[in-house]
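Protein chains in written order, with this note's numbering: chain A, 130 to 379; chain B, 4 to 325.
All C-beta atoms in this analysis are idealised placements derived from N, C-alpha and C, irrespective of residue type, glycine included.
First comes the structure, then the notes that go with it.
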Amino acid sequence: MKILVSVKRVTDPDVKIKVKPDGSGVVTEGIDFKVNPFDEIAVEEALRIKEKLGGEVVVVSVGPADASKEIRSALAMGAERGIHVLCDSFIDPTVTARALAKVFESEKPDLVLMGKQAVDGDNNQTGQMLAEMLNLPQACFASKVEIDASQKKATVTREVDGGFDVVEVDLPAVITSDLRLNEPRYASLPGIMKAKKKPIQELQLSALGIDVQPLVKWHRFSEPASRKAGIKVPDVPTLVEKLRSEAKVI
Amino acid sequence: MGNVLVIAEHKDGKLKKASRAAFTFARKYTEKFGGKLHILVIGQGVAGVAEQCSKFGAEKVWLADDANLAAYLAESYSQVAAEAAGKASATVIAATTSAMSKDLLPRLAARLKAGMASDIMGFTDQGYFLRPVWAGNAVVEAEITTAVKVVSVRGTEFEPAAEQASASPVEKLSVALNAASWKKRFVRFQEVKSARPELTEAAIIVTGGRGTKGAEGFQLVEKLADLLGAAVGATRAAVDAGWVPNDLQVGQTGKVVAPDLYIAVGVSGAIQHLAGMKGSKVIVAINKDEEAPIFSVADYGLVADLFKAVPELVEEIKKARA
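Here's what the structure looks like:
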């Protein structure tokens, strides 16, 4: 099995992001960047499949020069090599998917894994778009993945509204990970040392022969509507009294 | 200006109430930019759903009813929706945000070579879509530059459309389907049976967080929810720990809810959780840590040990009702 995993460099999800006063964007100065948590789950799943069935895990990231750090993080977890599609301009999921499609065509993996959404743009689009562009089946929001390598099939459990949807897809397919797919491992110290020597191929987005103009452009940013804190109640009876007579909700 | 095609969702032969939010979006959008509402129903044996959809003032309801469409697949439904968009002369294709539309709409957008805006909360006079980014800590005006635009609509930001007296015509849409081309087969749907209302449709939600410390503590949350006829929600931490399934997760990466009453039990109030519930009308927080960020959005905060406070709350509500 050759597995292509896409990782995105995102701002630390545990830090509250603020809008710039002029509304031109969000403040990222002084904020740590990390591998998108859902992509980290995808990397873990790829590694588990490889450890079971053999093969190779190739990590790809479309992003600025600094995203090599996130590729190294995935290599430290155990992926074999990296591909870095360098891009400094603003792109949208369509452009990312086009770039990944190019990488797919040259790498010809048996499976593509990525997170269901990146926690910065919160689009939840790239995997589905990539699958359509490559005319591949998709299995999004996976909570369980079982590979049948001999039949070139995967059975994927998807967590959807009201239950679990189980589908069988022919490989290659695009699978996006949800939260409960697995618990990603921590990179070991030897893993981190080894990752430094693993190869990362650099490609320029502009040299891939694709249209790099985003279909969606971002304009003004604003703060979301805020909500004020109310009161503290001293005890349970007071709470029930307030909910009944003041808020009238129970 | 073209029309707005809304993909309606249904379950057990009933139009989902959540889809009505997208009808309202379409009404507001067409009032401003022209065009008419069209509705698309996809499935097998769903003529009754099309009938229900005909009461919302649409110019036409398109019905794709086929044995091959009995189970939802993004591959087949996107093909049908793309054909319907053409027939309906739609320049905007919309659906209320849900597990299905999240899966379907990006694939449809790629098929139509259209740009997509996810989980929109509104739109500006220029037609830019307002949408949350960075776990709802910022709202951006997103401009879709393609002539055809795909949007998912945040259900809590638009009132459910009311039924009207006049009925829209229903037109059958037949699409040549080739199941082998999808390279995907539906295996089964394991319904998680629950007598409780669905999260996105509940008037009251009781949510448990890390503070419930496990499946056992979570039962207190469920007990309170059942007393109130409420839906049960969970934080990412509770889902992560495996105490409850993923579809109960409230937050930016789970479900966005806005019930009349939201009771957060043992919930610290992480950024991404707040993004999913701060639109609720009344918020109650019970947490023993008085510094917990959840109190910054709560109308009524109770600093207490949930293992004592929740059983007491159950008794007090029973007493008050008696």
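| Would you say the beta carbon of residue 144 of chain B comes nearer than 7 Å to a heavy atom of the ligand HEM? | The model depicted lacks the ligand HEM and carries no ligand whatsoever.
| Other residues of its chain near residue 203 of chain B: CB distance less than 7 Å, five sequence neighbours each side excluded | Position 200 of the second sequence, counted from the first residue, corresponds to residue 203 of chain B. Annotation for residue 203 of chain B: 21, 158, 258 and 260 place their beta carbon closer than 7 Å to its own, counting only its chain and skipping 5 residues before and after.
| For residue 252 of chain A, which residues of its own chain have a beta-carbon under 7 Å away from its beta-carbon, when the five flanking residues on both sides are left out? | Locating residue 252 of chain A in the first sequence gives position 123, where the first residue counts as 1. Counting only Cβ-Cβ distances below 7 Å, and skipping sequence neighbours, we find 222 and 246.
| request: For residue 267 of chain B, name the three-state secondary structure that DSSP assigns. | output: Looking up residue 267 of chain B in the second sequence gives position 264. Of the three classes helix, strand and coil, the one that applies to residue 267 of chain B here is strand, per DSSP.
| query | Counting Cβ pairs, one atom from each stretch, are 3 or more of them under 8 Å apart for the segment 276-285 of chain B and the segment 320-339 of chain A? | reply | The answer is no - the segment 320-339 of chain A does not touch the segment 276-285 of chain B, with fewer than three Cβ pairs under 8 Å.
| field | Below-8 Å beta-carbon distance, residue 80 of chain B vs any chain A residue | value | As a working mapping, residue 80 of chain B is identified with position 77 in the second sequence. It does not: the Cβ of residue 80 of chain B has no partner Cβ on chain A nearer than 8 Å.
| field | Nearest-angstrom Cβ-Cβ length linking residue 294 of chain A and residue 192 of chain B, presumed shorter than 8 Å | value | As a working note, residue 294 of chain A is residue 165 in the first sequence. As a working note, residue 192 of chain B is residue 189 in the second sequence. At roughly 5 Å, the Cβ-Cβ gap stays under 8 Å, so residue 294 of chain A and residue 192 of chain B are in contact.
| Would the beta-carbon of residue 208 of chain A fall within 8 Å of that of residue 164 of chain A? | Translated into positions along the first sequence, residue 208 of chain A becomes position 79. Translated into positions along the first sequence, residue 164 of chain A becomes position 35. Cβ distance not < 8 Å, so residue 208 of chain A and residue 164 of chain A don't count as in contact.
| query | Going by DSSP, what residues sit across from residue 65 of chain B in a beta bridge? | reply | Here the question's residue 65 of chain B lines up with position 62 in the second sequence. Residue 65 of chain B pairs with B/43 and B/174.
| CB contact check: residue 288 of chain A to chain B, cutoff 8 Å | Sequence index remark: in the first sequence, residue 288 of chain A carries index 159 (1-based). Taking 8 Å as the threshold, the shortest C-beta distance from residue 288 of chain A to chain B falls below it.
| field | Any chain A beta carbon closer than 8 Å to residue 163 of chain B | value | Against the second sequence, residue 163 of chain B aligns to sequence position 160. So no, residue 163 of chain B is outside the interface.
| said: Please list, in chain order, the residues of the segment 343-356 of chain A that have any C-beta partner in chain B closer than 9 Å. | reply: The segment 343-356 of chain A vs chain B, Cβ under 9 Å: 343, 344, 345, 346, 347, 348, 349, 350, 351, 352, 353, 354, 355 and 356.
| Where do the ends of the alpha helix (DSSP H) carrying residue 236 of chain B lie? | Translated into the one-based positions of the second sequence, residue 236 of chain B becomes position 233. Per DSSP, residue 236 of chain B lies in no alpha helix (DSSP H); the unbroken beta strand (DSSP E) holding it starts and ends at 234-237.
| Start and end of the beta strand (DSSP E) containing residue 303 of chain B? | Here residue 303 of chain B corresponds to residue number 300 of the second sequence, with the count starting at 1. Element bounds for residue 303 of chain B: 303-306.
| query | Between residue 231 of chain A and the rest of its own chain, which residues show a CB-CB distance below 7 Å, the 5 nearest in sequence each way excluded? | reply | By one-based count along the first sequence, residue 231 of chain A stands at place 102. The answer, listed in chain order, is 337 and 339.
| request: Could you check how far apart the C-beta atoms of residue 246 of chain B and residue 78 of chain B are, in whole angstroms? I think they sit under 8 Å. | output: For the purposes of this step, residue 246 of chain B is identified with residue 243 of the second sequence, where counting begins at 1. For the purposes of this step, residue 78 of chain B is identified with residue 75 of the second sequence, where counting begins at 1. That belief does not hold up - the Cβ atoms of residue 246 of chain B and residue 78 of chain B are roughly 34 Å apart, past 8 Å.
| message | Using a Cβ-Cβ cutoff of less than 7 Å, which residues in the same chain neighbour residue 122 of chain B once the five nearest sequence positions on both sides are dropped? | response | On the second sequence, position 119 is the one that residue 122 of chain B refers to. The beta carbon of residue 122 of chain B sits closer than 7 Å to those of 100, 134, 135, 155 and 157, all from its chain and outside the five residues before and after it, given in chain order.
| query | Taking Cβ-Cβ distances shorter than 8 Å, what residues in chain A pair up with residue 200 of chain B? | reply | Mapped onto the second sequence, residue 200 of chain B falls at position 197. Here the premise fails: no neighbours, minimum Cβ distance about 11 Å.
| request: Give the interface partners of residue 145 of chain B over in chain A, defined as CB-CB distance under 7 Å, in chain order. | output: Position 142 of the second sequence, counted from the first residue, corresponds to residue 145 of chain B. Proximity of chain A to residue 145 of chain B at the Cβ level (cut-off 7 Å) is accounted for by 345 and 347, in chain order.
| residue 269 of chain A, enclosing alpha helix (DSSP H) - first and last residue | Locating residue 269 of chain A in the first sequence gives position 140, where the first residue counts as 1. Premise fails: residue 269 of chain A lies in the beta strand (DSSP E), 267-277, not in any alpha helix (DSSP H).
| said: Which residues in chain B have a C-beta closer than 9 Å to the C-beta of residue 307 of chain A? List them in chain order. | reply: Residue 307 of chain A sits at position 178 when you count from the first residue of the first sequence. Against residue 307 of chain A, the close residues of chain B are 249 and 256, in the order they occur along the chain (beta-carbon pairs closer than 9 Å).
| request: Measure the alpha-carbon distance for residue 275 of chain B versus residue 297 of chain B and round it to whole angstroms. | output: Start at 1 with the first residue of the second sequence, and residue 275 of chain B comes out as number 272. Start at 1 with the first residue of the second sequence, and residue 297 of chain B comes out as number 294. Distance between the alpha carbons of residue 275 of chain B and residue 297 of chain B is about 11 Å.
| query | Listed from N- to C-terminal order along the chain, which residues in the segment 166-188 of chain B have their beta-carbon within a distance smaller than 8 Å of any beta-carbon of chain A? | reply | Against chain A - using a Cβ distance shorter than 8 Å - the residues of the segment 166-188 of chain B are 185, 186, 187 and 188.
| Quick one: which chain A residues come within Cβ less than 9 Å of residue 140 of chain B? | Translated into the one-based positions of the second sequence, residue 140 of chain B becomes position 137. Within chain A, the residues near residue 140 of chain B are 145, 146, 147, 148, 155, 352 and 353.
| task | Output yes if chain A places a C-beta closer than 8 Å to the C-beta of residue 16 of chain B; else output no. | result | The count along the second sequence starts at 1 and reaches residue 16 of chain B at position 13. No, because no Cβ of chain A sits closer than 8 Å to the Cβ of residue 16 of chain B.
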